[in-house]
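Take a look at the structure below.
Number of protein chains: 2
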Amino acid sequence: MAITQDNILKALAQVMDPDLKKDLVSLNMIKDISIDGNAIYFTVVLTTPACPLKELIKNDCIDAIHKNVGADFQVFPNMTSDVTSTRSTAPLLPNVKNIIAIASGKGGVGKSTVSANLAVSLAQSGAKVGLIDADIFGPSIPTMFNCEHEQPEVKEINGKNVIIPIEQYGIKLISIGFLTPPDNAVVWRGPMASSALKQFLGDTDWGELDYLLIDLPPGTSDIHLTMVQTIPVTGALIVTTPQKVALADAQKAIAMFKQPQINVPILGLVENMAYFTPEELPENKYFIFGEGGGYKLSERYEIPFLGQIPLVQSIRESGDSGYPSAMKNDVSSEAFEEIAKKAARQIAIRNANMAGTTKVEMTN
Amino acid sequence: MAITQDNILKALAQVMDPDLKKDLVSLNMIKDISIDGNAIYFTVVLTTPACPLKELIKNDCIDAIHKNVGADFQVFPNMTSDVTSTRSTAPLLPNVKNIIAIASGKGGVGKSTVSANLAVSLAQSGAKVGLIDADIFGPSIPTMFNCEHEQPEVKEINGKNVIIPIEQYGIKLISIGFLTPPDNAVVWRGPMASSALKQFLGDTDWGELDYLLIDLPPGTSDIHLTMVQTIPVTGALIVTTPQKVALADAQKAIAMFKQPQINVPILGLVENMAYFTPEELPENKYFIFGEGGGYKLSERYEIPFLGQIPLVQSIRESGDSGYPSAMKNDVSSEAFEEIAKKAARQIAIRNANMAGTTKVEMTN
Ligand SMILES: Nc1ncnc2c1ncn2[C@@H]1O[C@H](COP(=O)(O)OP(=O)(O)OP(=O)(O)O)[C@@H](O)[C@H]1O
Ligand SMILES: Nc1ncnc2c1ncn2[C@@H]1O[C@H](COP(=O)(O)OP(=O)(O)OP(=O)(O)O)[C@@H](O)[C@H]1O
Ligand SMILES: [Mg+2]
Ligand SMILES: [Mg+2]
């Protein structure tokens, strides 16, 4: 076959995105084809920089050219990404491509740990990431990012006072912990807590983001309702531990997002504290909190299972020291990276197949 | 000395209650003295059936008689108890002698586990115990007591509809979990949740109780405020795990109870999940969540330290199977029994030294 732009496109039209179930050309993912003697250059625009299929798609492109255009060409796909969104015409934060809530129902199962590490992994992949700590009564994000004593600036932008998020490890952060002293309790009824969240969404200068994560408090109450009433949420991730009392509450969180009037897509489930392995007995797995409960729940509700995270002392230490595991180079960081990739993938699939989420009307 | 009632009383007036720092006679703890030949009988009325000093006081009584009345007498103290109260004139639930809140700030640290086991241990000691599951969005008590499918009766008493608590293992229980299906989320704003708690306190037939425990949700919000505004709480117990993010939230819970307008005495602190010991390596302690953090916090705030509970798979299993550890006969049940005794002791000390708690006025 002659080496023309057209033939290259025809060849690449044979390559499927396995997730989106269409070919790269129809998906508008091929850009900037150029030919230089024996070398073929083009850009593949993936739906997320954290795409777990990046290498697969790259190799498929090379194979398709070799097969359909000629085996002797040198093929140089330039793998980039442009995170997809269903929010570009949203009235609030249209420059934030995806808003992802992290929920659990039960307390202490690792929502904040997963949120922090997901944020780091996504940022490391090259995405622009923000993180809202929506736990007004038990904010963990300032500690987990070692910036407990930071105070966000407030600036006037277009005649309106806006909060400038704290930036740490390349991630934009906001938390009530930046605004109140650590040894004070925030003893507020729901409406006060809700108005803090509204400020974090409406009066904060998030700029352009690929992913804005919302680390939710336990339960299914004011903060959760205010969130879905303030902003259409792209999707939710469920974190659970394997035991019965945690699964029962995860089920409640799932039920909340599935309520017809709320209707936030559930993009995946993470099973945390899946088992403990002592350093001295690396082959032993202690299922302290039970075995496989998260996986079973994901099957029952047909939610993509994003993976297991073991109970590892260094994950807790990383949380307390403010240096998330995902920034290191060990087994835990790999587990979090895997989960981040799978989450990003599910977000892209959701954006390809579903319209934007609708904001919930205020009825209470 | 002659064997008379008076001389026996004089002898027993030498015996101090080490906690209340007064002698048993001034404390009105000696009843029903009788003499039968060589045998001396009397009743010692302790301030709680879970009194950890029971044996000590009994032996002190025998010694005091031997020393002051005569060494040849046979002494038979009958150790009983009458749980003390500062609530006997309270407008709501005056027949409930002590109302104890179990709080943590942080989620998932073991409030419900401690509440359930405390209830069982106190009941096993002979006390009349009730337990309110105040976690409206993540109720664990029905599972932890294996009565998820029970439905409380409603009866008309004096022209008013009252809820009859479920009774399990001799403990009266109420939970939103008895009133809603398990796979439904209770997605309520604060006022709805608060009114459920008000019903649990005001419209439930608790009868006479020595201890009514309230298992609080995480945070410091509506439920906590509604509790202190509805009923004067005798005291609070703080549960924490050792890591920094948990201690930070425990500190917030402590700060809440210490607020001058709330002012609920903090009776003790429990450090849960203190360390993990695998069965194969019983000498190893893995401080997965850190070491000694709970103890340090109790020192810093001068709160009685009630003890540590290790991270043990059987405690989690007991929670999931609805058969609290304290009902068994193992290391964990001993740990919970110890904590129950120390808690009961602190309640008695509080009642001896402080006036009743005042209800918080509704300002919000
Ligand atoms: N896989 C893990 N291994 C070890 N420790 C973990 C793991 N996941 C979380 N932790 C620790 O467990 C504790 C609870 O986790 P985290 O604070 O993330 O839970 P949460 O769901 O956000 O809690 P809350 O409901 O209070 O907001 C933290 O101290 C955290 O560091
Ligand atoms: N010492 C322990 N050893 C092993 N597992 C424990 C221990 N204490 C608690 N657990 C388990 O940990 C989980 C969390 O405990 P629990 O539900 O009592 O916490 P909580 O503070 O009431 O949580 P929430 O904030 O969600 O109400 C439960 O599955 C429980 O069985
Ligand atoms: Mg959290
Ligand atoms: Mg609980």
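Heads up: the sequence lines are chains A and B, in that order. Counting along the first sequence from 1, when you hit position 243 you're at 243 in full-length UniProt numbering, and nothing is skipped either side. Counting along the second sequence from 1, when you hit position 192 you're at 192 in full-length UniProt numbering, and nothing is skipped either side. Using N, Cα and C, we set each Cβ at its ideal position, and we do this for glycine too.
Notebook entry, point to check: When we look at the beta-carbon of residue 67 of chain B and count the other beta-carbons within 10 Å, is it buried (16 or more) or exposed?
Noted result: Within the second sequence, numbered from 1, the residue matching residue 67 of chain B stands at position 67. So residue 67 of chain B counts as exposed.
Check: In chain A, what lies closer than 7 Å to residue 227 of chain B by C-beta?
Finding: The residue you call residue 227 of chain B lines up with position 227 of the second sequence. The premise fails here: residue 227 of chain B is roughly 12 Å from chain A at the closest Cβ pair, so nothing lies under 7 Å.
Check: How many angstroms separate the CA atom of residue 272 of chain A from the CA atom of residue 236 of chain A?
Finding: Here the question's residue 272 of chain A lines up with position 272 in the first sequence. Here the question's residue 236 of chain A lines up with position 236 in the first sequence. Distance between the alpha carbons of residue 272 of chain A and residue 236 of chain A: 16 Å.
Check: Would a check of beta-carbon distances place residue 43 of chain B closer than 9 Å to chain E?
Finding: Of the chains in the structure shown, none is chain E; the protein chains are A and B.
Check: Does DSSP put residue 234 of chain B in a helix, in a strand, or in coil?
Finding: Your numbering for residue 234 of chain B matches position 234 in the second sequence. Reduced to three states, the DSSP call for residue 234 of chain B is coil.
Check: Mind checking whether the beta-carbon of residue 112 of chain B lies closer than 8 Å to any heavy atom of ligand 4?
Finding: Along the second sequence, one-based indexing puts residue 112 of chain B at 112. For ligand 4, at least one heavy atom lies less than 8 Å from the Cβ of residue 112 of chain B.
Margin query: On the DSSP letters alone, give me the boundaries of the beta strand (DSSP E) that residue 258 of chain B sits inside.
Written below: Sequence index remark: in the second sequence, residue 258 of chain B carries index 258 (1-based). Per DSSP, residue 258 of chain B belongs to no beta strand (DSSP E); it is in the alpha helix (DSSP H), 244-258.
Notebook entry, point to check: Under a Cβ-count criterion, where at least 16 other Cβ atoms within 10 Å of its own Cβ denotes burial, should residue 161 of chain B be classed as buried or exposed?
Noted result: Numbered from 1 along the second sequence, position 161 holds the residue referred to as residue 161 of chain B. Exposed, by the Cβ-count rule.
Notebook entry, point to check: Smallest Cα separation from residue 138 of chain A: which of A:218, A:80, A:195, A:79?
Noted result: In the first sequence, counting from the first residue as 1, residue 138 of chain A sits at position 138. The shortest Cα separation from residue 138 of chain A among A:218, A:80, A:195, A:79 belongs to A:218.
Notebook entry, point to check: According to DSSP, what are the bridge partners of residue 68 of chain B?
Noted result: Numbered from 1 along the second sequence, position 68 holds the residue referred to as residue 68 of chain B. For residue 68 of chain B, which the question treats as bridged, DSSP gives no partner whatsoever.
Next item on the list: On the DSSP bridge assignment, give the partners of residue 308 of chain B in chain order.
Entry: Within the second sequence, residue 308 of chain B is the residue found at index 308, counting from 1. B:271, per the DSSP bridge assignment.
Note to self: So, under 8 Å CB-CB, residue 289 of chain B and residue 243 of chain B are touching, yes? Tell me the CB distance rounded to an integer number of Å.
What the structure shows: As a position in the second sequence, residue 289 of chain B is number 289, starting the count at 1. As a position in the second sequence, residue 243 of chain B is number 243, starting the count at 1. With 8 Å as the limit, residue 289 of chain B and residue 243 of chain B qualify as a contact, their Cβ atoms being about 5 Å apart.
Margin query: Does the CB of residue 292 of chain A have a neighbour CB from chain B at under 9 Å?
Written below: The residue you call residue 292 of chain A lines up with position 292 of the first sequence. It does not: the Cβ of residue 292 of chain A has no partner Cβ on chain B nearer than 9 Å.
Next item on the list: Below 8 Å on the Cβ atoms is my guess for residue 48 of chain A versus residue 80 of chain A; work out the distance and round it to an integer in Å.
Entry: Looking up residue 48 of chain A in the first sequence gives position 48. Looking up residue 80 of chain A in the first sequence gives position 80. Not a contact, Cβ separation roughly 11 Å.
Notebook entry, point to check: Closer than 9 Å, CB to CB, is residue 286 of chain A near chain B or not?
Noted result: Counting from 1 along the first sequence, the entry for residue 286 of chain A is found at position 286. Closer than 9 Å: yes.
Next item on the list: Using only the heavy atoms of ligand 4, determine whether one of them is closer than 8 Å to the beta carbon of residue 107 of chain A.
Entry: Counting from one through the first sequence, the residue named residue 107 of chain A turns up at place 107. Here the distance from the Cβ of residue 107 of chain A to the nearest heavy atom of ligand 4 is below 8 Å.
Next item on the list: Could you confirm whether any beta carbon from chain B is found closer than 9 Å to the beta carbon of residue 136 of chain A?
Entry: Here residue 136 of chain A corresponds to residue number 136 of the first sequence, with the count starting at 1. Using a CB distance cut-off of 9 Å, residue 136 of chain A counts as an interface residue toward chain B.
Checklist line | Pairwise C-alpha distance: residue 207 of chain B and residue 196 of chain B | finding: Stepping through the second sequence from its first residue, residue 196 of chain B is reached at position 196. Stepping through the second sequence from its first residue, residue 207 of chain B is reached at position 207. Cα to Cα, the separation comes out at about 19 Å.
Next item on the list: Would you kindly work out how many angstroms separate the C-alpha atoms of residue 148 of chain B and residue 230 of chain B, rounded to a whole number?
Entry: Numbered from 1 along the second sequence, position 148 holds the residue referred to as residue 148 of chain B. Numbered from 1 along the second sequence, position 230 holds the residue referred to as residue 230 of chain B. The straight-line gap from Cα to Cα measures roughly 27 Å.
Notebook entry, point to check: Mapping DSSP to helix, strand and coil, what is residue 33 of chain B?
Noted result: Walking along the second sequence from the start, residue 33 of chain B turns up at place 33. Residue 33 of chain B falls in the strand class under three-state DSSP.
Notebook entry, point to check: What are the uninterrupted segments assigned as beta strand (DSSP E) that are 3 or more residues long and contained completely in the segment 294-338 of chain A, given in chain order?
Noted result: The segment 294-338 of chain A contains these whole beta strand (DSSP E) runs: 305-311.
Next item on the list: Measure the beta-carbon distance from residue 173 of chain A to residue 182 of chain A and round it to whole angstroms, keeping in mind my assumption that it falls under 8 Å.
Entry: By 1-based counting over the first sequence, the position of residue 173 of chain A is 173. By 1-based counting over the first sequence, the position of residue 182 of chain A is 182. That belief does not hold up - the Cβ atoms of residue 173 of chain A and residue 182 of chain A are roughly 16 Å apart, past 8 Å.
Item checked: Three-state class that DSSP yields for residue 173 of chain B in the structure shown -> Taking the second sequence and counting its residues from 1, one reaches residue 173 of chain B at position 173. Looking at residue 173 of chain B - three-state DSSP - the assignment turns out to be strand.
Check: Excluding five sequence neighbours on each side, which residues of the same chain lie with their C-beta closer than 6 Å to the C-beta of residue 354 of chain B?
Finding: Indexing the second sequence from 1 puts residue 354 of chain B at position 354. Same-chain partners within the cutoff: there are none.
Notebook entry, point to check: Straight-line CA distance for residue 14 of chain B to residue 140 of chain B?
Noted result: For the purposes of this step, residue 14 of chain B is identified with residue 14 of the second sequence, where counting begins at 1. For the purposes of this step, residue 140 of chain B is identified with residue 140 of the second sequence, where counting begins at 1. Approximately 48 Å, taken between the alpha carbons.
Note to self: Distance cutoff 9 Å, beta carbons only. Does residue 29 of chain A sit that close to anything in chain B?
What the structure shows: Translated into positions along the first sequence, residue 29 of chain A becomes position 29. False, the Cβ-Cβ gap to chain B never drops below 9 Å.
Notebook entry, point to check: When the Cα atoms are used, what is the spatial distance from residue 257 of chain A to residue 77 of chain A?
Noted result: The residue given as residue 257 of chain A occupies position 257 in the first sequence. The residue given as residue 77 of chain A occupies position 77 in the first sequence. Rounded to whole angstroms, residue 257 of chain A to residue 77 of chain A spans 40 Å at the Cα level.
Check: Which bits of chain B does residue 206 of chain A rub up against, with CB to CB less than 8 Å?
Finding: Translated into the one-based positions of the first sequence, residue 206 of chain A becomes position 206. Within chain B, no residue comes near residue 206 of chain A; the closest Cβ sits about 25 Å away, beyond 8 Å.
Notebook entry, point to check: Considering only the beta carbon of each residue, do residue 319 of chain A and residue 143 of chain A sit closer than 9 Å?
Noted result: As a working note, residue 319 of chain A is residue 319 in the first sequence. As a working note, residue 143 of chain A is residue 143 in the first sequence. For residue 319 of chain A and residue 143 of chain A, yes; Cβs fall inside 9 Å.
Note to self: Quick check: is the beta carbon of residue 397 of chain A nearer than 9 Å to any beta carbon in chain B?
What the structure shows: The requested residue 397 of chain A is not part of the displayed model; chain A covers only 1 to 364.
Checklist line | Boundaries of the alpha helix (DSSP H) in which residue 83 of chain B is found, first to last residue | finding: In the second sequence, residue 83 of chain B corresponds to position 83, counting from 1. Run containing residue 83 of chain B: none; DSSP gives neither H nor E here.
Item checked: Nearest neighbour of residue 34 of chain B, chosen from B:59, B:4, B:54 [CA to CA] -> Working through the second sequence from its first residue, we reach residue 34 of chain B at position 34. Residue nearest to residue 34 of chain B within the set B:59, B:4, B:54 is B:4 (criterion: CA-CA distance).
Next item on the list: Have a look at B:25, B:186, B:291 and flag the residue whose alpha-carbon is nearest the alpha-carbon of residue 57 of chain B.
Entry: For the purposes of this step, residue 57 of chain B is identified with residue 57 of the second sequence, where counting begins at 1. Between residue 57 of chain B and the set B:25, B:186, B:291, the nearest pair of CA atoms involves B:25.
Note to self: Measuring alpha carbon to alpha carbon, tell me which residue in B:304, B:21, B:122 is nearest residue 212 of chain B.
What the structure shows: Numbered from 1 along the second sequence, position 212 holds the residue referred to as residue 212 of chain B. Among B:304, B:21, B:122, the Cα nearest to that of residue 212 of chain B belongs to B:122.
Check: Secondary structure at residue 225 of chain A, three-state DSSP: helix, strand or coil?
Finding: What you label residue 225 of chain A is simply residue 225 of the first sequence in a count that begins at 1. It is helical.
Notebook entry, point to check: Expressed to the nearest angstrom, what Euclidean distance is found between the alpha-carbon atoms of residue 312 of chain B and residue 330 of chain B?
Noted result: On the second sequence, position 312 is the one that residue 312 of chain B refers to. On the second sequence, position 330 is the one that residue 330 of chain B refers to. Taking C-alpha positions only, residue 312 of chain B is separated from residue 330 of chain B by approximately 11 Å.
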